[in-house]
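Participant: Those protein sequences? They're chains S and B, same order as listed.
First residue of the first sequence? That's 1 in this note's numbering, and the numbers climb one at a time after it.
First residue of the second sequence? That's 136 in this note's numbering, and the numbers climb one at a time after it.
Note that the Cβ used here is the ideal one computed from N, Cα and C, for glycine as well.
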Amino acid sequence: MNDDDFLDVLRAAADEFDPVPAGVLRDASAALALRTLDAELAELVESEALVRGNGPLTLAFESEHVTISLEIDGSRLRGFVSGAEGEAVVETPRSRRAVPISDGWFTAADVPAGLVRVRVAASDGTPVVTRWVRS
Amino acid sequence: MDIPALVSAAARGDQSAWDALVRQFSGLLWSIARAYRLSDADAADAVQCTWIKLVEHLDRIAEPERLAGWLSTTARHECLQLLRRSGRLPAPAEEIADSPDPAPALDHELLVRERNAALWRVFEELPDRCRRLLRVLMASPPPAYAEVALALDMPVGSIGPIRQRCLGRLKALVAGNQLLEERS
């Protein structure tokens with residue numbers, strides 16, 4: 001058996017014993033709905049994991065209208081935003097939750113591990129969303 | 136498959152174009168996560184994050200014809216980030232020696248379905264670097280070497296020779312495996 005044929009046998013074994021789970025395909029298909037055509041993107045300008053591997057992660061985002069700083073410590077997310085007020089929407093691929101902004105600060109607890117982003121409305125109404133970051 | 140056309144259709148919100156991309160490349164992304172030995176949950180996470188990052192970049196993919204390479208690179212970063220977070224970076228790549236004995240020819244009966252299980256167990260015994268490369272090469276549909284190189288951060292030119300040595304090793308393991316041997 002030559003190498004190409006042998007690799008084909010291995011591919012068949014992989015398809016049988018380690019196939020892409022159906023849930024992974026469903027999540028991938030659903031990801032298109034997470035597009036944010038309407039919003040201005042706040043780019044990550046600074047990222048710092050503090051000390052220990054499990055220590056808080058601090059991140060800074062900037063868009064034309066707002067700046068957002070996030071501190072993610074386990075499932076707790078604390079943020080400071082300038083240029084926006086009202087509420088901040090904390091989004092994960094499977095959830096979104098609005099929390100009030102008070103003097104620029106907002107806090108969300110029980111944020112599931114994985115990707116997270118924050119959406120706010122700038123003072124002039126422009127929707128702004130941060131890039132996805134891993135919590 | 137016209138990847139650039141699918142990318143631009145998906146960027147316009149065409150779900151069926153997006154689903155075609157998902158069908159085309161999910162096998163590759165899953166194989167990359169498995170090549171880095173991620174668990175079911177972490178592999179699912181890495182693949183989902185890769186797709187979400189593509190969604191975020193859909194209208195800014197500079198060279199849509201290189202989408203597979205972009206996805207491979209992004210998936211590698213996601214995997215390494217997950218491994219770093221759990222404190223298990225992949226083992227440094229060890230040298231792959233040639234297999235000690237010339238591998239006996241495997242006959243086509245190896246294709247018999249029930250032997251795949253034994254073959255899979257033997258595959259899992261391979262040294263990490265071999266296992267990693269072969270796992271990505273096993274993706275369905277088969278990836279191009281350029282994508283494999285990006286997924287594993289290896290020079291493209293090294294893939295062919297390492298593939299040959301690793302398949303040789305696996306054949307030698309198969310030859311020493313009773314279950315696979317006695318029926319062949």
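Output yes if chain B places a C-beta closer than 7 Å to the C-beta of residue 22 of chain S; else output no.
Facilitator: It does not: the Cβ of residue 22 of chain S has no partner Cβ on chain B nearer than 7 Å.
Participant: Could you list which residues in chain S have their beta carbon closer than 7 Å to that of residue 138 of chain B, in chain order?
Facilitator: Neighbours of residue 138 of chain B on chain S: none; closest Cβ ~16 Å, over 7 Å.
Participant: What number of angstroms, rounded off, separates the C-alpha of residue 209 of chain B from the C-alpha of residue 19 of chain S?
Facilitator: If I take the Cα positions, the gap works out to 21 Å.
Participant: Answer with yes or no whether the minimum CB distance from residue 120 of chain S to chain B is below 7 Å.
Facilitator: Chain B, which has no Cβ nearer than 7 Å to the Cβ of residue 120 of chain S, makes this no.
Participant: Under 8 Å: do the region 275-290 of chain B and the region 196-206 of chain B share three or more Cβ pairs, one atom per stretch?
Facilitator: With the cut-off at 8 Å, the region 275-290 of chain B and the region 196-206 of chain B touch.
Participant: On a Cα-Cα basis, can you pick out the residue from B:303, B:302, B:278 that is closest to residue 291 of chain B?
Facilitator: If we check each option's Cα against that of residue 291 of chain B, B:278 comes out closest.
Participant: Using a Cβ cut-off of 8 Å, which residues of the region 272-290 of chain B contact any Cβ in chain S, in chain order?
Facilitator: Per Cβ criterion, the list reads 272, 273, 274, 275, 277.
Participant: For residue 296 of chain B, which three-state DSSP category applies?
Facilitator: Reduced to three states, the DSSP call for residue 296 of chain B is helix.
Participant: Would a C-beta distance cut-off of 7 Å place residue 122 of chain S and residue 84 of chain S closer than the cut-off?
Facilitator: In this structure, residue 84 of chain S lies closer than 7 Å to residue 122 of chain S by Cβ.
Participant: Find out if the Cβ-Cβ distance for the pair residue 78 of chain S, residue 107 of chain S is shorter than 7 Å.
Facilitator: Cβ atoms of residue 78 of chain S and residue 107 of chain S: closer than 7 Å.
Participant: Would you say residue 149 of chain S reaches chain B, if we count a Cβ-Cβ gap shorter than 7 Å as a contact?
Facilitator: Chain S is shown from 1 up to 135; residue 149 of chain S falls before or after that span and cannot be answered.
Participant: Where does residue 139 of chain B land, buried or exposed, given buried means 16+ other C-beta within 10 angstroms?
Facilitator: With fewer than 16 Cβ atoms within 10 Å of its Cβ, residue 139 of chain B is classed as exposed.
Participant: Is it buried or exposed, residue 251 of chain B, if we count other Cβ atoms within 10 angstroms and call 16 or more buried?
Facilitator: Its Cβ being crowded by 16 or more others within 10 Å, residue 251 of chain B is buried.
Participant: Threshold first: 4 residues or longer. Then list the alpha helix (DSSP H) segments lying entirely within the region 150-225 of chain B, N to C.
Facilitator: Those alpha helix (DSSP H) runs which fall completely within the region 150-225 of chain B and span 4+ residues are 150-170, 175-192, 202-220.
Participant: From residue 150 of chain B to residue 161 of chain B, what distance separates their C-alpha atoms?
Facilitator: So the two alpha carbons sit approximately 16 Å from each other.
Participant: Is the region 254-269 of chain B touching the region 294-312 of chain B, taking contact as three or more C-beta pairs under 8 Å?
Facilitator: Yes, they touch.
Participant: I want to see whether chain S comes within less than 7 Å of residue 150 of chain B, judged by CB atoms only; does it?
Facilitator: Yes, its Cβ sits closer than 7 Å to a Cβ of chain S.
Participant: Under 6 Å Cβ to Cβ from residue 58 of chain S, same chain only, skipping five residues before and after it: list those, please.
Facilitator: Excluding sequence neighbours, residue 58 of chain S sits near 48, 71.
Participant: Got a sec, what are the start and stop residues for the alpha helix (DSSP H) residue 272 of chain B sits in?
Facilitator: Its alpha helix (DSSP H) spans residues 263-272.
Participant: For residue 136 of chain B, which residues from the same chain have a beta carbon less than 8 Å from its beta carbon, with the 5 sequence-adjacent residues on both sides left out?
Facilitator: Cβ within range, chain order: 155, 159.
Participant: Looking at the unbroken beta strand (DSSP E) that takes in residue 256 of chain B, where does it start and where does it end?
Facilitator: Careful: residue 256 of chain B lies outside any beta strand (DSSP E), inside the alpha helix (DSSP H) at 251-259.
Participant: Using the beta-carbon count (16 or more within 10 Å), is residue 90 of chain S buried or exposed?
Facilitator: Result: buried.
Participant: Of the choices B:249, B:295, B:253, whose alpha-carbon is the least far from that of residue 269 of chain B?
Facilitator: Checked all of B:249, B:295, B:253; the closest Cα to residue 269 of chain B is B:295.
Participant: To the nearest angstrom, how far is it from the Cα of residue 9 of chain S to the Cα of residue 305 of chain B?
Facilitator: Distance between the alpha carbons of residue 9 of chain S and residue 305 of chain B is about 12 Å.
Participant: With 7 Å as the threshold, decide whether the Cβ of residue 169 of chain B is near any Cβ in chain S.
Facilitator: At least one chain S Cβ lies under 7 Å of residue 169 of chain B.
Participant: Using the beta-carbon count (16 or more within 10 Å), is residue 111 of chain S buried or exposed?
Facilitator: Per the 10 Å Cβ criterion, buried.
Participant: In the DSSP assignment, what residue or residues form a beta bridge with residue 72 of chain S?
Facilitator: Its beta-bridge partners are S:57, S:77.
Participant: Tell me, please, whether the CB atom of residue 183 of chain B is closer than 7 Å to any CB atom in chain S?
Facilitator: Answer yes: the Cβ-Cβ gap between residue 183 of chain B and chain S drops below 7 Å somewhere.
Participant: CA-CA distance, residue 166 of chain B and residue 34 of chain S?
Facilitator: Going by the C-alpha atoms only, they are around 24 Å apart.
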